[in-house]
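Remarks on the structure that follows.
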Amino acid sequence: MSERLIVLTGPSGVGKGTLLTCLRRRHKDLYVSVSSTTRTPRAGEVEGRDYYFVSPEEFERLIEAGALLEWAQYVGQYYGTPRAPVEARLAEGKPVVLEIEVQGAYQIKNNFPAAMLVFIAPPSFEVLAQRLRDRSTDDSAAIERRLTRAREELESAREFDYRVVNEDLETAVQQIEQIIFREEPLDSTDR
Numbered sequence: 000m001s002e003r004l005i006v007l008t009g010p011s012g013v014g015k016g017t018l019l020t021c022l023r024r025r026h027k028d029l030y031v032s033v034s035s036t037t038r039t040p041r042a043g044e045v046e047g048r049d050y051y052f053v054s055p056e057e058f059e060r061l062i063e064a065g066a067l068l069e070w071a072q073y074v075g076q077y078y079g080t081p082r083a084p085v086e087a088r089l090a091e092g093k094p095v096v097l098e099i100e101v102q103g104a105y106q107i108k109n110n111f112p113a114a115m116l117v118f119i120a121p122p123s124f125e126v127l128a129q130r131l132r133d134r135s136t137d138d139s140a141a142i143e144r145r146l147t148r149a150r151e152e153l154e155s156a157r158e159f160d161y162r163v164v165n166e167d168l169e170t171a172v173q174q175i176e177q178i179i180f181r182e183e184p185l186d187s188t189d190r
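Below, the structure written as structure tokens:
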């Protein structure tokens, strides 16, 4: 596989992290960039594996220094991709996967036109809302903010290179594998 920058994006609660975990189990050499965030860690999240948890002030210093490949503010928190490890891996000719918010995906699309952008969609808005409630990581106000944002993001799904509906986990993982690991680029009829 040639050097590639692959972006998995979609609304909060759509299952991007779960899909990525499955991909990493199957493809041990797949490099996944670790994002920085100002939000507090959720139960089970590990510093440096899931995110780099930083203060808002530290995040703003990263922005000022140009140390982020992309960044976004999402429901009151900052999220961003550290530049140096991604650029180093790409320079080695290795593929890199970013799991980022839609706003950040647009920045990647503008700055890296050859990047492969995959939008992960839920089977329905109702399923997405239930997933957010079931994971019990946010209070009801935060869930409502995420759902409001999700409505806007779902409207933009067709602007991305590929769209995968995460209804059945195994089917969605297989579709992403076909997109990422196919040696020949998919033509527009495959999208």
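According to numbering that gives the first Met the number 0, the sequence shown holds residues 0 to 190 in order.
All C-beta atoms in this analysis are idealised placements derived from N, C-alpha and C, irrespective of residue type, glycine included.
Cut-off 6 angstroms between Cβ atoms - residues of its own chain near residue 139, not counting five sequence neighbours on either side: In the sequence shown, residue 139 corresponds to position 140, counting from 1. Within the same chain, residue 139 has no close Cβ partners at all.
Starting from the C-beta of residue 11, find all residues in its chain whose C-beta is less than 6 angstroms away, skip the five residues before and the five after it, and write them out in chain order. As a working mapping, residue 11 is identified with position 12 in the sequence shown. Correct list, in chain order: 145.
Here's the rule I'm using: 16 or more other beta-carbon atoms within 10 Å means buried, otherwise exposed. How should residue 75 be labelled? Taking the first residue of the sequence shown as position 1, residue 75 is located at position 76. It counts as exposed.
Kindly indicate which three-state DSSP category residue 60 falls into: helix, strand or coil? Translated into positions along the sequence shown, residue 60 becomes position 61. Secondary structure at residue 60: helix, using DSSP grouped into helix, strand and coil.
How many angstroms separate the CA atom of residue 41 from the CA atom of residue 158? Taking the first residue of the sequence shown as 1, we reach residue 41 at position 42. Taking the first residue of the sequence shown as 1, we reach residue 158 at position 159. If I take the Cα positions, the gap works out to 31 angstroms.
Should residue 142 be labelled buried (16 or more other beta-carbon atoms within 10 Å of its own) or exposed? Residue 142 sits at position 143 when you count from the first residue of the sequence shown. Burial call: buried.
Given this structure, state the Cα-to-Cα distance separating residue 180 from residue 111, to the nearest angstrom. Locating residue 180 in the sequence shown gives position 181, counting from the first residue. Locating residue 111 in the sequence shown gives position 112, counting from the first residue. Each residue's Cα considered, the two are about 19 angstroms apart.
From residue 16 to residue 67, what does the alpha carbon distance come to, in whole angstroms? Against the sequence shown, residue 16 aligns to sequence position 17. Against the sequence shown, residue 67 aligns to sequence position 68. Straight-line Cα distance between these residues: approximately 21 angstroms.
Taking only the alpha-carbon atoms, compute the straight-line gap between residue 176 and residue 163 and give it to the nearest angstrom. For this step, residue 176 is matched to residue 177 along the sequence shown. For this step, residue 163 is matched to residue 164 along the sequence shown. Going by C-alpha positions, residue 176 is about 11 angstroms away from residue 163.
Determine which residues share a DSSP beta bridge with residue 98 and list them. Residue numbering aside, residue 98 sits at position 99 when the sequence shown is read from its first letter. Answer is 7.
Excluding the five sequence neighbours on either side, which residues of its own chain have a C-beta within less than 7 angstroms of the C-beta of residue 188, listed in chain order? One-based indexing of the sequence shown puts residue 188 at position 189. For residue 188, the predicted structure reports a pLDDT of 39, less than 50, and the residue's modelled location is therefore unreliable. A value from the coordinates is still provided. Here the set comprises nothing.
Anyone know if the C-beta pair for residue 7 and residue 172 falls short of 8 angstroms? In the sequence shown, counting from the first residue as 1, residue 7 sits at position 8. In the sequence shown, counting from the first residue as 1, residue 172 sits at position 173. Taking C-beta atoms as the reference points, residue 7 and residue 172 fail to come closer than 8 angstroms.
Beta-carbon proximity check, residue 37 vs residue 77, cutoff 8 angstroms: Within the sequence shown, residue 37 is the residue found at index 38, counting from 1. Within the sequence shown, residue 77 is the residue found at index 78, counting from 1. Yes, Cβ-Cβ distance for residue 37 and residue 77 is below 8 angstroms.
For a test of the three-state rule: what should DSSP assign to residue 157, helix, strand or coil? Along the sequence shown, read from residue 1 onward, the residue named residue 157 stands at position 158. Correct three-state label for residue 157: helix.
Run the CB neighbour count on residue 92, radius 10 Å, all protein chains shown included, and call it buried at 16 or more, exposed below. For this step, residue 92 is matched to residue 93 along the sequence shown. Exposed: under 16 other Cβ atoms inside 10 Å.
Going by DSSP in three states, residue 47 sits in which element: helix, strand or coil? Residue numbering aside, residue 47 sits at position 48 when the sequence shown is read from its first letter. It is coil, neither helix nor strand.
Looking only at its chain, what residues have a beta carbon closer than 7 angstroms to the beta carbon of residue 85, apart from the 5 residues adjacent to it on each side? For the purposes of this step, residue 85 is taken as the residue at position 86 of the sequence shown. Taken in chain order, the residues that qualify are 32, 68 and 95.
With H, G and I counted as helix, E and B as strand and the rest as coil, what does DSSP make of residue 166? What you label residue 166 is simply residue 167 of the sequence shown in a count that begins at 1. Reduced to three states, the DSSP call for residue 166 is coil.
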